[in-house]
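Novice: The structure under discussion is supplied below as structure tokens; questions concerning it will follow.
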Amino acid sequence: MRLTIEGIGKDFPGVTALDDVSFEILPGETHALMGENGAGKSTLIKIITGLYRPDRGRLLVDGKPVDFTSPRDAIAAGISAVHQERNLIPRFTVGENIMIERPPTRNGVIDFDKVHSEARRFLDMIDPTIDTRTEVRHLSVAQMQIVEIAKALSLEARVLLLDEPTASITGHEADALFAVVRRLRDEGKAIVFVSHKLEEVMAISDRVTVLRDGRIAAAGQPIAQMDRGKIVTAMIGREERVAEMGTRSVDRTKTVMEARNVATSLGHKNVSFQLHKGEILGLYGLVGAGRTELARALIGDARIVSGELRLNGNPVTIPDVPTAIRRHRLGYISEDRKAEGLILTHPIRSNIAISVWRRIASALGLITRADERRIAHPLVEKLEVKTPSIEQAVGKLSGGNQQKVSIAKWLAAGVEILIIDEPTVGIDIKTKTAIHELIGEITREGLSVLLISSDMPEMITLADRILVMRDFAIAGTIENTRRYEPMSREIMGLIHAGSADAAPAAETAHG
Amino acid sequence: MTPSSDSRARPSWLAEQSNLIGLAAIIILFWFLFTSLAPGFVSSFNLFALSRSLAVDIVIGFSTMVVLATGGMNLAIGSIGVCAVMASGYLMQTIGLPIPVAMALALLLGAFLGWLNGFVIVRSGVNSFIITLASASLFLGGMLILSKAQTFNALPPEIAAFGRMRWGGFVSPLLLVALAIGAALVVLFRFTALGREILAAGANPRAAELSGVPVGRAIIIAHTLSGALAASAGLMLVFRLGAAMPSIGQDWLLPSFLAPVLGGTLLAGGFVSVVGTILGALLVTTLRSGLLVMQIGNFWLQLFLGLILLAAVMIDRYRGVYAERRSLGRKTNLGRKESGRRA
Numbered sequence: 001m002r003l004t005i006e007g008i009g010k011d012f013p014g015v016t017a018l019d020d021v022s023f024e025i026l027p028g029e030t031h032a033l034m035g036e037n038g039a040g041k042s043t044l045i046k047i048i049t050g051l052y053r054p055d056r057g058r059l060l061v062d063g064k065p066v067d068f069t070s071p072r073d074a075i076a077a078g079i080s081a082v083h084q085e086r087n088l089i090p091r092f093t094v095g096e097n098i099m100i101e102r103p104p105t106r107n108g109v110i111d112f113d114k115v116h117s118e119a120r121r122f123l124d125m126i127d128p129t130i131d132t133r134t135e136v137r138h139l140s141v142a143q144m145q146i147v148e149i150a151k152a153l154s155l156e157a158r159v160l161l162l163d164e165p166t167a168s169i170t171g172h173e174a175d176a177l178f179a180v181v182r183r184l185r186d187e188g189k190a191i192v193f194v195s196h197k198l199e200e201v202m203a204i205s206d207r208v209t210v211l212r213d214g215r216i217a218a219a220g221q222p223i224a225q226m227d228r229g230k231i232v233t234a235m236i237g238r239e240e241r242v243a244e245m246g247t248r249s250v251d252r253t254k255t256v257m258e259a260r261n262v263a264t265s266l267g268h269k270n271v272s273f274q275l276h277k278g279e280i281l282g283l284y285g286l287v288g289a290g291r292t293e294l295a296r297a298l299i300g301d302a303r304i305v306s307g308e309l310r311l312n313g314n315p316v317t318i319p320d321v322p323t324a325i326r327r328h329r330l331g332y333i334s335e336d337r338k339a340e341g342l343i344l345t346h347p348i349r350s351n352i353a354i355s356v357w358r359r360i361a362s363a364l365g366l367i368t369r370a371d372e373r374r375i376a377h378p379l380v381e382k383l384e385v386k387t388p389s390i391e392q393a394v395g396k397l398s399g400g401n402q403q404k405v406s407i408a409k410w411l412a413a414g415v416e417i418l419i420i421d422e423p424t425v426g427i428d429i430k431t432k433t434a435i436h437e438l439i440g441e442i443t444r445e446g447l448s449v450l451l452i453s454s455d456m457p458e459m460i461t462l463a464d465r466i467l468v469m470r471d472f473a474i475a476g477t478i479e480n481t482r483r484y485e486p487m488s489r490e491i492m493g494l495i496h497a498g499s500a501d502a503a504p505a506a507e508t509a510h511g
Numbered sequence: 512m513t514p515s516s517d518s519r520a521r522p523s524w525l526a527e528q529s530n531l532i533g534l535a536a537i538i539i540l541f542w543f544l545f546t547s548l549a550p551g552f553v554s555s556f557n558l559f560a561l562s563r564s565l566a567v568d569i570v571i572g573f574s575t576m577v578v579l580a581t582g583g584m585n586l587a588i589g590s591i592g593v594c595a596v597m598a599s600g601y602l603m604q605t606i607g608l609p610i611p612v613a614m615a616l617a618l619l620l621g622a623f624l625g626w627l628n629g630f631v632i633v634r635s636g637v638n639s640f641i642i643t644l645a646s647a648s649l650f651l652g653g654m655l656i657l658s659k660a661q662t663f664n665a666l667p668p669e670i671a672a673f674g675r676m677r678w679g680g681f682v683s684p685l686l687l688v689a690l691a692i693g694a695a696l697v698v699l700f701r702f703t704a705l706g707r708e709i710l711a712a713g714a715n716p717r718a719a720e721l722s723g724v725p726v727g728r729a730i731i732i733a734h735t736l737s738g739a740l741a742a743s744a745g746l747m748l749v750f751r752l753g754a755a756m757p758s759i760g761q762d763w764l765l766p767s768f769l770a771p772v773l774g775g776t777l778l779a780g781g782f783v784s785v786v787g788t789i790l791g792a793l794l795v796t797t798l799r800s801g802l803l804v805m806q807i808g809n810f811w812l813q814l815f816l817g818l819i820l821l822a823a824v825m826i827d828r829y830r831g832v833y834a835e836r837r838s839l840g841r842k843t844n845l846g847r848k849e850s851g852r853r854a
């Protein structure tokens with residue numbers, strides 16, 4: 001099936017989200033759709049899947065104009081989407097979920113044997129290892145995606161939209177998913193692949209379309225004619241700039257944090273490392289390797305069950321997060337800014353001052369807004385948070401500015417050690433560099449940073465040394481030479497070292 | 512007007528203010544209506560009765576408001592109120608303690624029962640709805656067993672005398688007590704670290720916790736305060752009735768939610784409006800008093816209050832959606848504006 005997007009435009013009050021977007025999606029191809037946050041990808045996907053109607057232009061299926069008034073129309077036309085938010089019912093079985101749109105019946109009641117045999121038929125096309133009688137809540141995220149794809153196939157989808165499919169699955173699972181994608185493409189399906197990850201796009205797609213500021217920046221370019229630099233240039237409208245870290249001299253004689261054979265209530269074993277003053281210590285690993293969980297244990301949000309944690313040479317036990325902050329000057333920036341990092345409905349002022357409320361309050365516990373502003377204002381200026389007012393609700397800021405507010409909060413608290421978890425996830429490339437430079441700057445001022453990231457270029461730009469984590473243990477430590485190729489090979493080597501034999505087997509099982 | 516944060520900061524600021532203005536307009540409308548239909552509505556006798564029941568409605572509203580701030584609820588306020596009422600009756604009539612001592616002890620009992628709610632909620636991690644539903648029945652049952660549902664109606668005469676007291680012809684001192692409590696709550700939520708912590712815990716407990724706010728403690732304190740406020744409302748009724756009756760508190764639940772929700776306190780937590788709660792209570796009291804003066808039965812009052820709560824919840828829902836759309840959604844637009852500015 002050929003899907004033609006012809007001169008599509010969409011306006012929202014005060015802003016044009018899409019303008020004159022035209023390209024074609026062909027059967028038997030994997031078509032990557034790229035763009036920064038706010039480039040219009042989501043709006044376009046919503047139009048293609050019938051959630052929005054375009055204000056201008058039209059969609060054509062095999063040359064015939066179509067008008068989708070609901071997602072149901074799009075599905076009927078053979079277009080299905082696998083969204084980031086899962087659309088499966090956790091307490092229903094895999095089979096029931098796949099067949100939920102049109103369950104086979106006998107004498108007016110659902111024929112469950114047929115539900116499972118039909119579901120099996122679709123699932124066998126992509127992954128025979130998943131049992132149709134398992135409840136969906138017991139599956140991994142990757143398996144849920146497979147089930148969603150099977151559901152789309154059962155609806156006779158000929159265009160399959162995958163929206164950030166690898167955002168929350170491991171590298172091996174992603175490889176298995178790509179195998180499925182290739183197979184479906186070879187069978188003549190059109191796959192639209194939305195992703196932020198350039199490496200993935202280069203590896204899997206046949207053609208790439210890039211949106212920038214709601215317009216086409218590259219339309220259906222064959223991937224063979226593109227390279228990383230060209231795609232980035234199309235996305236940001238200029239060449240990529242790497243953060244200038246300046247000369248970094250870390251005094252390795254001063255250890256501010258040291259873990260000695262730490263085991264945690266979350267399942268870490270034998271974790272040992274040293275963080276020096278002014279150092280950026282990277283913590284790399286696949287999703288699920290236990291990095292965020294380690295951060296939680298270090299800040300007192302989970303328990304250290306054996307081994308020793310030393311801060312500035314003294315053994316400590318941290319009972320809870322407020323103690324970590326107040327007594328040990330240890331802060332944590334979550335990867336999930338919205339759920340765990342900031343109070344979106346509250347103003348910048350109080351989101352920064354929250355960490356020092358107790359400290360700036362008078363003897364009676366009184367605080368005025370002026371007190372908070374005195375703390376927040378200099379930091380908003382110093383970190384160049386772009387906002388019309390310090391009273392702006394944080395939820396209205398862009399991702400990059402939200403992250404600056406998070407960092408400002410910890411500078412206000414006067415932390416000495418900051419754990420930063422995925423500092424630039426969901427932040428556009430332009431702002432990324434600014435955040436990187438900011439992290440470099442605060443360490444030059446004496447802060448020590450434990451940096452968790454799944455973004456290899458980011459790790460190699462920022463970290464002085466890199467701890468590689470695998471299965472809740474440290475697999476190795478690497479000095480950063482800032483040479484991307486050998487570094488990434490060495491890191492991936494450490495990650496896969498233990499599972500070298502298991503890896504191909506797992507892939508076959510999933511594929 | 513809005514104690515949680517500077518008005519400019521709130522995405523729903525306009526909605527918030529228009530909400531208060533709208534509420535005031537509706538109240539004025541009802542006052543015109545009742546005054547023209549039943550001139551007795553503005554008699555000093557009725558205004559006095561109105562000011563006394565307004566005082567109680569305001570404090571009941573505050574009792575729920577401080578818990579809504581944490582994103583929770585307290586269904587036990589009626590039970591806590593009546594426990595405090597019966598305790599004060601017992602202490603004054605049976606034990607013969609002086610009035611201030613008995614009142615203070617009754618308030619402490621209310622605070623303790625609220626603390627108990629908060630403690631169990633935080634320790635168990637179970638939703639406050641179910642915990643306070645259980646404790647409401649538990650407290651009420653305990654009180655009935657201990658008191659055998661006997662009314663204490665031989666209280667010191669000063670009690671009833673204070674309840675009958677009028678300032679300026681028709682203002683009960685109880686109303687000033689309620690407004691003083693309101694002023695204290697404004698200070699709490701606007702000018703103290705504790706109040707901010709309660710609001711932060713309500714708006715996003717996880718983010719607050721990771722920012723160093725002792726969230727569990729904030730929730731327990733909010734419930735303790737709610738218990739003390741419920742006890743205060745109960746004691747106000749003791750002054751008004753001149754007796755401690757076991758039937759007090761049974762009909763508090765609806766008005767306790769109506770006042771804050773009408774006044775713009777978010778059910779989801781993180782934002783309270785003290786002035787709004789006072790206005791919300793005023794609307795409830797006005798309706799009750801007006802329907803009474805017009806001799807329309809209590810049945811109609813129930814129907815009206817139910818309708819109004821439903822309408823208020825719809826507005827709250829709309830406000831939530833609106834605020835979210837303004838602040839979180841439209842990432843597309845924000846991003847575009849951003850790049851537009853830089854370009």
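Heads up: the protein sequence lines correspond to chains G and Z, in order. So in our numbering, spot 328 of the first sequence is number 328, and the numbers just go up one at a time. If you want our numbering, it's the 1-based position in the second sequence plus 511. C-beta atoms are modelled at their ideal positions from N, C-alpha and C, and glycine is treated no differently. Note that the coordinates shown come from a computational prediction; the quantities given were computed from them, not determined experimentally.
List the residues of chain G that Z:G781 touches, going by C-beta distances under 9 Å, in chain order.
Specialist: Position 270 of the second sequence, counted from the start, is the residue given in the question as residue 781 of chain Z. Ordered by position in chain G, the residues that pass the 9 Å Cβ test against Z:G781 are I343, T345, H346.
Novice: Can you look up Z:S850 in the DSSP assignment and give me helix, strand or coil?
Specialist: Sequence index remark: in the second sequence, residue 850 of chain Z carries index 339 (1-based). In this prediction, Z:S850 scores a pLDDT of 33, lower than 50, which makes its location untrustworthy; the coordinate-derived value is nonetheless stated afterwards. Reduced to three states, the DSSP call for Z:S850 is helix.
Novice: Determine the chain Z residues that contact G:I325 at a beta-carbon separation under 7 Å, and present them in chain order.
Specialist: As a working mapping, residue 325 of chain G is identified with position 325 in the first sequence. Neighbours of G:I325 on chain Z, chain order: G723.
Novice: In whole angstroms, what is the alpha-carbon distance linking Z:R847 and G:R158?
Specialist: Against the second sequence, residue 847 of chain Z aligns to sequence position 336. Against the first sequence, residue 158 of chain G aligns to sequence position 158. Note on Z:R847: pLDDT 33, under 50, position unreliable in the model; the coordinate value appears next. Their backbone Cα atoms lie some 32 Å apart in a straight line.
Novice: Applying a beta-carbon distance threshold of less than 7 Å, which residues of chain G neighbour Z:L705?
Specialist: For the purposes of this step, residue 705 of chain Z is taken as residue 194 along the second sequence, with counting starting at 1. Neighbours of Z:L705 on chain G, chain order: G365.
Novice: Between the stretch 730 to 743 of chain Z and chain G, which residues of the former have a C-beta closer than 8 Å to a C-beta of the latter?
Specialist: From the stretch 730 to 743 of chain Z, no residue has a Cβ closer than 8 Å to chain G.
Novice: Of the residues that make up the stretch 350 to 362 of chain G, which ones have a beta carbon closer than 7 Å to any beta carbon in chain Z?
Specialist: Those would be S350, I354, S355, W357, R358, A361, in chain order.
Novice: Report the rounded CA-to-CA distance for G:G220 versus G:E340, giving the unit in angstroms.
Specialist: Translated into positions along the first sequence, residue 220 of chain G becomes position 220. Translated into positions along the first sequence, residue 340 of chain G becomes position 340. Roughly 38 Å separates the two Cα atoms.
Novice: Are there 16 or more other CB atoms within 10 angstroms of the CB of Z:A520, so buried, or fewer, so exposed?
Specialist: Working through the second sequence from its first residue, we reach residue 520 of chain Z at position 9. Low confidence applies to Z:A520: its pLDDT is 41, below 50, so where it sits in the model is not reliable, and the reading given next is rough at best. Classification of Z:A520: buried, given that the 10 Å Cβ count is 16 or more.
Novice: I need the DSSP call for Z:D568, collapsed to helix, strand or coil.
Specialist: Position 57 of the second sequence, counting from 1, holds the residue named residue 568 of chain Z. Helix, per DSSP.
Novice: Of all the residues that make up the stretch 624 to 643 of chain Z, which are near chain G by a beta-carbon distance shorter than 7 Å?
Specialist: Within the stretch 624 to 643 of chain Z, no residue qualifies.
Novice: Alpha carbon to alpha carbon, what distance is there between G:G38 and Z:K842?
Specialist: Position 331 of the second sequence, counting from 1, holds the residue named residue 842 of chain Z. Position 38 of the first sequence, counting from 1, holds the residue named residue 38 of chain G. Because the pLDDT of Z:K842 is 35, which lies under 50, any placement of that residue in the model is unreliable, and the number read from its coordinates should be weighed accordingly. C-alpha separation (whole angstroms): 6 Å.
Novice: Could you confirm whether any beta carbon from chain Z is found closer than 9 Å to the beta carbon of G:P368?
Specialist: Mapped onto the first sequence, residue 368 of chain G falls at position 368. Before going further, note that residue 368 of chain G is Thr rather than Pro in the sequence given. G:T368 counts as touching chain Z.
Novice: When burial is assigned at 16 or more other CB atoms within 10 Å of the CB, is Z:G840 buried or exposed?
Specialist: As a first step, residue 840 of chain Z must be located in the second sequence, where it is residue number 329. With a pLDDT of 38 at Z:G840, under the threshold of 50, the predicted position of this residue should be treated as unreliable, though the coordinate-derived value follows. Burial call: exposed.
Novice: Which residues, in order along the stretch 682 to 704 of chain Z, keep a beta-carbon less than 7 Å from a beta-carbon of chain G?
Specialist: If the cut-off is 7 Å between Cβ atoms, the stretch 682 to 704 of chain Z has F702, T703, A704 near chain G.
Novice: Do you know offhand how far Z:A713's Cα is from G:P486's?
Specialist: In the second sequence, residue 713 of chain Z corresponds to position 202, counting from 1. In the first sequence, residue 486 of chain G corresponds to position 486, counting from 1. A quick correction: the sequence has Gly, not Ala, at residue 713 of chain Z. Rounded to whole angstroms, Z:G713 to G:P486 spans 48 Å at the Cα level.
Novice: Mind pulling the chain G residues with CB within less than 8 Å of Z:L711?
Specialist: The residue labelled residue 711 of chain Z in the question sits at position 200 within the second sequence. Sequence check: residue 711 of chain Z is Ala here, not Leu. Those are I343, H346, S350, I354, listed as they occur along chain G.
Novice: Under 9 Å, Cβ to Cβ, is there at least one residue of chain Z near G:S334?
Specialist: Taking the first sequence and counting its residues from 1, the one referred to as residue 334 of chain G is at position 334. Interface residue, yes.
Novice: Distance cutoff 9 Å, beta carbons only. Does G:A217 sit that close to anything in chain Z?
Specialist: On the first sequence, residue 217 of chain G is found 217 positions in, with the first residue counted as 1. No - not a single Cβ of chain Z is within 9 Å of the one on G:A217.
Novice: So, for Z:A671: in the same chain, excluding its five sequence neighbours on each side, which residues have a beta-carbon less than 7 Å away from its beta-carbon?
Specialist: For the purposes of this step, residue 671 of chain Z is taken as the residue at position 160 of the second sequence. Closer than 7 Å at Cβ, skipping near neighbours: G753.
Novice: Which word fits G:I333, buried or exposed, when buried means at least 16 other C-beta atoms lie within 10 angstroms of its C-beta?
Specialist: For the purposes of this step, residue 333 of chain G is taken as residue 333 along the first sequence, with counting starting at 1. Label assigned to G:I333: buried.
Novice: Taking Cβ positions, are Z:M747 and Z:A689 nearer each other than 9 Å?
Specialist: Mapped onto the second sequence, residue 747 of chain Z falls at position 236. Mapped onto the second sequence, residue 689 of chain Z falls at position 178. Yes, Cβ-Cβ distance for Z:M747 and Z:A689 is below 9 Å.
Novice: Does any CB atom of chain G fall closer than 9 Å to the CB of Z:E708?
Specialist: The residue labelled residue 708 of chain Z in the question sits at position 197 within the second sequence. Judged by the 9 Å Cβ criterion, Z:E708 is in contact with chain G.
Novice: For Z:L806, count the other beta carbons within 10 Å of its own beta carbon; 16 or more makes it buried, fewer makes it exposed. Which is it?
Specialist: Your numbering for residue 806 of chain Z matches position 295 in the second sequence. Here residue 806 of chain Z turns out to be Gln, not Leu, going by the sequence shown. Z:Q806 should be labelled exposed.
Novice: If we cut at 9 Å on Cβ distances, does G:P322 have a partner in chain Z?
Specialist: As a first step, residue 322 of chain G is located in the first sequence; it is residue number 322 there, counting from the start. Closer than 9 Å: yes.
Novice: Between the stretch 264 to 279 of chain G and the stretch 462 to 474 of chain G, can you find at least three pairs of beta-carbon atoms closer than 8 Å?
Specialist: Judged by Cβ distances under 8 Å, the stretch 462 to 474 of chain G makes contact with the stretch 264 to 279 of chain G, as three or more pairs qualify.
Novice: For Z:A626, does the three-state DSSP call read helix, strand or coil?
Specialist: Position 115 of the second sequence, counted from the first residue, corresponds to residue 626 of chain Z. Sequence inspection shows Trp at residue 626 of chain Z; the Ala mentioned does not correspond to that position. Helix, per DSSP.
Novice: Starting from the C-beta of Z:F768, find all residues in its chain whose C-beta is less than 7 Å away, skip the five residues before and the five after it, and write them out in chain order.
Specialist: For the purposes of this step, residue 768 of chain Z is taken as the residue at position 257 of the second sequence. Excluding residues within five positions, the ones whose Cβ falls inside 7 Å are T575, L820.
Novice: Let me see if you follow: with CB-CB separation under 9 Å, is Z:E669 close to chain G or not?
Specialist: As a working note, residue 669 of chain Z is residue 158 in the second sequence. No, no contact with chain G.
Novice: Whose C-beta lies closer than 7 Å to the C-beta of G:E479 among residues of the same chain, with five residues either side of it excluded?
Specialist: As a position in the first sequence, residue 479 of chain G is number 479, starting the count at 1. Answer for G:E479: R465, listed in chain order.
Novice: At the 9 Å Cβ level, is G:E340 part of the contact set with chain Z, yes or no?
Specialist: Here residue 340 of chain G corresponds to residue number 340 of the first sequence, with the count starting at 1. True, the Cβ-Cβ gap to chain Z drops below 9 Å.
Novice: Establish whether the CB of Z:A507 and some CB of chain G are separated by less than 9 Å.
Specialist: Chain Z is shown only over 512 to 854; residue 507 of chain Z falls outside these bounds and no answer can be derived.
Novice: Counting Cβ pairs closer than 8 Å, one from the stretch 395 to 408 of chain G and one from the stretch 337 to 352 of chain G, do we hit at least three?
Specialist: Contact between the stretch 395 to 408 of chain G and the stretch 337 to 352 of chain G is present, because at least three Cβ pairs lie under 8 Å.
Novice: Going by beta-carbon coordinates alone, are G:V250 and G:I231 separated by less than 9 Å?
Specialist: Here the question's residue 250 of chain G lines up with position 250 in the first sequence. Here the question's residue 231 of chain G lines up with position 231 in the first sequence. Contact: no.
Novice: Who are G:V159's beta bridge partners in DSSP?
Specialist: For the purposes of this step, residue 159 of chain G is identified with residue 159 of the first sequence, where counting begins at 1. G:I79, G:A190, per the DSSP bridge assignment.
Novice: With DSSP run on the structure shown, which of helix, strand or coil describes Z:L649?
Specialist: Taking the second sequence and counting its residues from 1, the one referred to as residue 649 of chain Z is at position 138. In the structure shown, Z:L649 sits in a helix (DSSP, three-state: H, G or I).
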